[in-house]
Amino acid sequence: MEHILINCSPRETRVAIVVDSVLQDLFIERACARGLVGNVYLGKVVRVLPGMQSAFVDVGLERTAFLHVADIFEAHGEGDKPKPIENVLHEGQSVMVQVAKDPIGTKGARLTTTISLAGRKLVYLPRDPHIGVSQRIEDEAQREALRAMLTAMRPESEKGGYIIRTSAEEGATEEEFRDDMAYLGRLWEEIRSKAGVSAAPTLLYQDLSLAQRVLRDMVHKETECVVVDGEAEFEALEHFAERFVPVAKGRLELYRGDRPLFETHGIDDEIERALGRRVDLKSGGYLVFDQTEAMTTIDVNTGGYVGKRDFSDTIFKTNLEAAQTIARQLRLRNLGGIIIVDFIDMSREEHREAVLAELRRAVSTDRTRMTVSNFTELGLVAMTRKRTRESLAHVLCEPCPICGGRGEVKTARTVCYDILREILRLSRQYKDAKEFRIQASQSVIDMLLEDESPALELLQASIEKPVLLEVEPSYTQEVWDVILA
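Below, the structure is given as structure tokens:
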């Protein structure tokens, strides 16, 4: 059974999805960095780039947001090819936009003018008359039945369209559809009214909080309970559930225990493990995750697992377990973009097919869209996972101030040689200098006094100037200064 745990604090909300006592999903939202996806703004076009068929739009964020012509609804006429962006937008123009992707790294938010507002069972498209069905509803007969029911219900005066959400697969009723249509219609009118009296840039609509989205989107028949550890948040969620998600109200529980909610379920320990490079497998094997700007690589290793039969069987079982763990770790770490998995080489084709099938099965429950390729000639599996928000590591961590995010620092010997080369360079540039003083960390000074003392003596003889050494306790191993006197 599934349990949803909601941990509330004044500036942060954390949500854990636990299935059969195993953490499967983790979501974190902070008040200072709340996600922007779904927000609707009245923005001002600050620059149009015909060469890129894109525009930069000021919506009031730290960085200007990015709008491509393919995401401009008004640019799409009867043909397949959109109109040139310079014929649709101009600098200084006000435009209603919605955030499709949060700012990531140095990139600004990605925008669209195709507004979509999500309800419990429906997504409303006020500018698009299309009626669609979520791709996750695979039964063709059910898809057609849902589409026909909604089409018959839509008023003739309604110019907008709808997408039927996956949650409707469990048996949506006409009453639920009507409730959603009425709520979303009121919401759109509020947004339009605010846009009519506001000056760009301004926020017209902010998406629901993390806890509210969890109630709206993630509570289903397999959800046994939703446990909340904050009394004020519990009451707010009860009120929200009563209005919009009646099915969730009976599952809400207020946690009153003395120990922290996440601690009692081991969630904090799981978060710590999800921040590490290495993930141990029950079989004795392990995974190594390396996240870079371009992609994430995952290396599978047998470790101490030797198996009871032959070595190929050991490799096969390790890779099978790795496939299941990788799918779970991708969700916990919220890794997106290109992902390369280096499974242990398998000589038998049936083993490779079974591992690939297990990986596809394991990622099929992921709420984020994924694609999984076949094995390449090098034995690698490439995957893509839609990136809509920062990874767990980017939310909770920052680059190490000592190594600058490299994960390693120069050795004391390497730093010594850097310093000696710099003194040689300075001695040629400043011939009137009487002496040079090195300020560095204890480990570097010790290296110069001990192992590298012959090099230091040779340098002093070469430049015919004394070189003094001084320990600077606040300096890390890579930080140093050379002072001329």
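If you're matching positions, the sequence shown starts at 205 in my numbering and goes up one per residue. Ideal placement from N, C-alpha and C gives every residue a C-beta, glycine not left out. Note that the structure is a prediction, hence the values are computed from the model and not measured.
- Task: Reducing DSSP to helix, strand and coil, say where C145 ends up.
- Result: The structure shown does not extend to residue 145, since the chain spans only 205 to 689, so no value can be given for it.
- Query: Between the C-alpha atoms of I548 and A386, what's the straight-line distance to the nearest angstrom?
  - Reply: 54 Å
- Item | Separation of A527 from S402, as counted between CA atoms | 51 Å
- Nearest-angstrom beta carbon gap, S338 and T377 [assumed within contact, 8 Å]: Contact flag wrong, Cβ pair sits at about 17 Å.
- Message: Please list the terminal residues of the continuous beta strand (DSSP E) segment that includes I456.
- Response: Per the sequence presented here, residue 456 reads as Leu, with Ile not at that position. From DSSP, the beta strand (DSSP E) with L456 extends over L456 to L458.
- Could you tell me if N538 is buried or exposed, where buried requires 16 or more neighbouring beta carbons within 10 angstroms of its beta carbon? buried
- What number of angstroms, rounded off, separates the C-alpha of R589 from the C-alpha of I542? 7 Å
- Between T427, L209 and Q416, which lies nearest to E442 when the distance is taken from Cα to Cα? Q416
- Task: Confirm, please, whether the CB-CB distance from I335 to I367 is below 9 Å.
- Result: yes
- Start-end ranges of the alpha helix (DSSP H) lying completely within the stretch 391-473, minimum 4 residues: 414-422, 435-448, 450-453 and 465-468
- Message: Less than 9 Å between the beta carbons of G365 and E497, yes or no?
- Response: no
- Inspect the CB distances between the stretch 464-475 and the stretch 207-227 and report whether three or more fall short of 8 Å. yes
- Give the DSSP-derived three-state secondary structure of K521 in the structure shown. helix
- Message: So, at 6 Å on beta carbons, what are the nonlocal neighbours of V492 in its own chain, with the 5 sequence-adjacent residues on each side left out?
- Response: R481, R482 and D503
- 6 Å CB neighbourhood of S647 in its chain, flanking five on each side removed: A616 and Q681
- Message: What would DSSP say about Y245, mapped onto helix, strand or coil?
- Response: strand
- Query: Given a threshold of 16 other Cβ atoms within 10 Å of its Cβ, counted over all protein chains shown, does A313 qualify as buried or as exposed?
  - Reply: buried
- Of the listed residues E290, M574, R565 and L227, nearest to V250 (C-alpha basis): E290
- Collapsed DSSP secondary structure at R234 in the structure displayed: strand
- Item | Delimiting residues of the beta strand (DSSP E) encompassing S647 | Careful: S647 lies outside any beta strand (DSSP E), inside the alpha helix (DSSP H) at Q646 to L653.
- Can you name, in chain order, every residue of its own chain whose Cβ lies under 8 Å from the Cβ of E562, other than the five neighbours on each side? L524, A527 and Q528
- Message: Taking 8 Å as the cut-off, does the stretch 341-361 touch the stretch 291-310 (at least 3 CB pairs, one atom from each stretch)?
- Response: no
- Message: Alpha carbons only, please: which of T500, L456, V675 and V619 is nearest the one belonging to S595?
- Response: T500
- With 16 as the cutoff for other CB atoms within 10 Å, does G296 come out buried or exposed? exposed
- With a cut-off of 8 Å on the beta carbons, I'd call L315 and D262 a contact; round off their distance for me. Not a contact, Cβ separation roughly 11 Å.
- Task: Quick one: grab the DSSP three-state call for L485.
- Result: coil
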